[in-house]
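Here's the structure we're looking at; comments come further down.
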Amino acid sequence: MFDLVDVLKKGEKKAPEEKSDISSVLFYQTEQCRSMVKEAYKFEGYLPPTLSENTDALISENVRGANVEIIIVELNQSQNVTQDAERISHLLPNDASVVIVGSEDAISTIRNLKKLGFYYLFWPVNKEEMIDFVKSVWDNRRRANGIGKRRKAKRISIIGSKGGIGTTMITAEVSLLLTEEKHASCIIVDNHYQGGNLDIMLGIEKFEKMEVRPGSLASSLDNTSAQSLLKKRNSMLSVLALTSNDLSAQDLKEYTKSVMDNVAEDANFVIEDFSANAALNFSYSEIVEVSDCLVIAFTPTVASLREAARMKKRITEINDKDSLRMILLLNHVQPEAMSTVSVAEAEQYLEAPIDIKLPYIKKLDSRLLENKRLVTLRGAPSREVRKLASLILGEDGSAKKKGLSFSFGKG
């Protein structure tokens with residue numbers, strides 16, 4: 032029997048499948064990649080990504096503060112995909128899923144990029160393979176699965192071998208340089224719970240540490256409450272500085288750790304100031320645990336050098352992370368003529384080259400009080416601070432995977 036209703040139903044056109052637009056950006060090195068990605072999005076019916084050349088300045092300009100969900104970075108012209116991906120990682124927001132496109136055919140590349148929290152797409156691909164890969168990344172985001180989840184900040188620990196060698200100054204200088212010139216967001220952790228002069232080094236007026244009262248439960252912290260404990264130096268640099276008249280240093284240490292667990296995804300770098308007095312509250316195991324990179328600062332004196340060597344030896348013994356890097360920094364706090372050990376003698380005693388050599392600077396205290404910075408000084412002071420920032424970012428071509436100054440590999 033003829034049924035007109037069935038005929039009409041069969042003749043109805045199916046409504047097109049709704050697609051959520053993917054907020055994405057491509058940083059390309061070649062015209063082939065740019066064209067293929069654009070065509071892949073068009074082929075599947077998605078809005079095309081924002082297209083930009085792959086330069087540090089343009090990456091920072093296009094993603095900082097923008098609501099970008101997927102970032103595609105072409106590294107087909109890279110000589111070392113892992114190294115270049117690590118070098119630009121501080122420019123990328125932690126909450127974006129990052130796809131690295133490269134022609135380096137190695138399992139180690141995939142593994143290394145996964146450790147950075149990045150996806151890897153081997154080139155060449157066609158437009159179907161490209162859009163399928165993007166869709167799988169997008170699906171992981173919606174399900175909060177895979178390596179596309181929020182990445183945590185890189186942890187940098189700056190440790191002084193003794194008091195009065197400029198650990199806090201070094202912390203402030205490298206943090207300001209990373210935020211202002213390298214466009215990386217940073218959180219400084221002041222582990223000196225009573226006193227300290229981090230505010231002077233950062234040029235923050237009317238600064239007071241945040242009081243933690245008895246009964247404050249670290250377990251009740253969330254991202255919002257943890258963020259309220261940070262003091263902003265600028266839009267890219269915040270400081271966590273806690274104090275208490277009633278709680279012990281151990282309690283403050285645990286509370287600080289809980290705060291950082293809640294905000295570690297909100298910055299590119301967390302820089303811990305372990306000046307000599309502050310470091311007394313921490314074991315070497317605890318410092319290694321919270322560190323991706325360690326900077327050991329010391330002066331050219333016998334006592335400071337011996338302590339630096341002891342710290343280096345102990346950290347090497349307990350370290351079980353292949354990725355942990357160590358940087359040795361020599362700071363001349365007095366005229367070099369007054370040094371009791373030479374650079375060559377220090378390197379021989381440490382059994383490693385010294386990465387950073389900060390020269391003596393006349394009237395440094397008064398310059399800092401006038402809000403003058405080491406990077407604004409001519410010559411070696413500026414050069415060495417910039418070199419330190421580059422080493423932290425992995426920009427130095429001689430940096431080894433297991434350590435900048437030496438390998439952590441066990442014999």
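Just so you know, we're using my numbering here: the sequence shown kicks off at 32 and counts up by one. No residue lacks a Cβ here, since even glycine has one placed at the ideal position from N, Cα and C.
- Residue pairing by DSSP puts residue 129 in a beta bridge opposite 102 and 149.
- Counted as a single uninterrupted DSSP element, the alpha helix (DSSP H) harbouring residue 233 occupies residues 229 to 233.
- Counting the other CB atoms within 10 Å of its CB gives residue 369 a total below 16, which places it among the exposed residues.
- Taking C-beta atoms as the reference points, residue 148 and residue 107 fail to come closer than 9 Å.
- If you compare the alpha carbons of 223, 265, 317 and 289 with that of residue 255, the shortest gap goes to 289.
- Rounded to the nearest whole angstrom, the C-alpha separation of residue 150 and residue 266 is 29 Å.
- Taken in chain order, the unbroken stretches of beta strand (DSSP E) that lie wholly in the stretch 261 to 331 and span 3 residues or more are 262 to 265, 268 to 274, 300 to 305 and 324 to 329.
- CA-CA distance, residue 182 to residue 277, rounds to 35 Å.
- Counting along the chain, residue 388 sits inside no alpha helix (DSSP H); it lies in the beta strand (DSSP E) bounded by residues 387 to 389.
- In the DSSP assignment, residue 356 is bridged to 324.
- In terms of Cβ geometry, residue 268 and residue 207 form a close pair [threshold 9 Å].
- At a Cβ-Cβ threshold of 9 Å, residue 84 and residue 114 do not count as neighbours.
- In this structure, residue 260 lies near residue 241, with their beta-carbon atoms less than 9 Å apart.
- Residue nearest to residue 301 within the set 245, 340, 371 and 322 is 322 (criterion: CA-CA distance).
- Two segments are said to touch when three or more pairs of C-beta atoms, one from each, lie closer than 8 Å; by this definition the stretch 216 to 235 does not touch the stretch 357 to 365.
- In this chain, residue 252 is not harboured by any alpha helix (DSSP H), its DSSP state being neither H nor E.
- If you draw a 10 Å sphere on the C-beta of residue 329, you find 16 or more other C-beta atoms in it, and that means buried.
- With a threshold of 16 other beta carbon atoms within 10 Å, residue 105 meets it and is buried.
- For residue 227 against residue 198, the beta-carbon gap comes to about 10 Å, at or over 8 Å, which does not count as contact.
- Here residue 325 really is in contact with residue 346; their C-beta atoms are around 7 Å apart, less than 8 Å.
- The beta-carbon separation of residue 371 and residue 333, rounded to 6 Å, stays under the 8 Å limit for a contact.
- In the same chain as residue 253, and ignoring 5 residues on each side of it, the C-beta atoms closer than 8 Å to its own belong to 293, in chain order.
- In the three-state reduction of the DSSP assignment, residue 57 falls in the strand class, which pools E and B.
- With the rule of 3 Cβ pairs closer than 8 Å, the stretch 392 to 399 does not count as touching the stretch 415 to 425.
- Residue environment analysis places residue 313 among the buried positions, since at least 16 neighbouring C-beta atoms fall within 10 angstroms of its C-beta.
- Every unbroken stretch of the beta strand (DSSP E) spanning 3 or more residues and falling wholly within the stretch 166 to 238 is given here in chain order: 185 to 191 and 217 to 221.
- Within the model, the alpha-carbon separation for residue 418 versus residue 306 is close to 21 Å.
- Note on the stretch 392 to 426: whole alpha helix (DSSP H) runs with a minimum of 4 residues are 395 to 400 and 411 to 424, in chain order.
- When DSSP reads this structure, residue 83 sits in a beta bridge with 58.
- Cβ contact annotation for residue 415 (same chain, cutoff 7 Å, sequence separation greater than five): 387, 388 and 389, in chain order.
- Between residue 303 and residue 189, the beta carbon gap of about 7 Å places them in contact (Cβ cut-off 8 Å).
- With 16 or more other Cβ atoms from the protein chains shown falling within 10 Å of its own Cβ, residue 336 counts as buried.
- DSSP, read as helix, strand or coil, puts residue 382 in coil.
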